[in-house]
Amino acid sequence: MSDSKIVEIERNVGGSFGFSVIGGVDTELPPMVCALVHNGSAQLSGKIHVGDVLVEVNDECVSRLPAKKVVESLKLSPDTLKLRLRKGNIQ
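When the letters of the sequence shown are read in order and numbered with full-length UniProt numbering, they come out as residues 1 to 91.
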């Protein structure tokens, strides 16, 4: 997957990784980052951007999961989240 990158971020004190996702196999969109929380972990890392497509969450492929399962895999993640991301078309 040469067009993808692996990033790791930490949960903040409130328990959030600082981004929201939309999409999943049950929608018309792939699972992707739709918003960053101001000064949240994702934004402060500089590694995650709106429109990035989630390929894997903690080494689990999420590209064929329904939206609810993608969100669940993020919520159940340990405090260090490992993502494989692909640059999306939405900026």
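The C-beta atom is built at its ideal place from N, Cα and C for all residues, glycine as well.
Per-residue burial, residue 13 [other beta carbons within 10 Å of its own, 16 or more giving buried]: Stepping through the sequence shown from its first residue, residue 13 is reached at position 13. Exposed, because fewer than 16 other Cβ atoms sit within 10 Å of the Cβ of residue 13.
In the DSSP assignment, find the beta strand (DSSP E) that holds residue 28 and state where it starts and stops. Locating residue 28 in the sequence shown gives position 28, counting from the first residue. Careful: residue 28 lies outside any beta strand (DSSP E) and carries neither H nor E.
Distance check for residue 30 and residue 67, CA to CA, integer angstroms please. Here residue 67 refers to the residue found at position 67 when the sequence shown is read from its first residue. Here residue 30 refers to the residue found at position 30 when the sequence shown is read from its first residue. In this model, residue 67 and residue 30 are separated by some 9 Å (Cα to Cα).
Strictly by DSSP, which residues pair up with residue 86? As a first step, residue 86 is located in the sequence shown; it is residue number 86 there, counting from the start. In DSSP, residue 86 forms a bridge with 4 and 53.
Counting only the same chain and skipping the five closest in sequence on each side, list residues whose C-beta sits under 6 Å from that of residue 35. Indexing the sequence shown from 1 puts residue 35 at position 35. Same-chain partners within the cutoff: 20.
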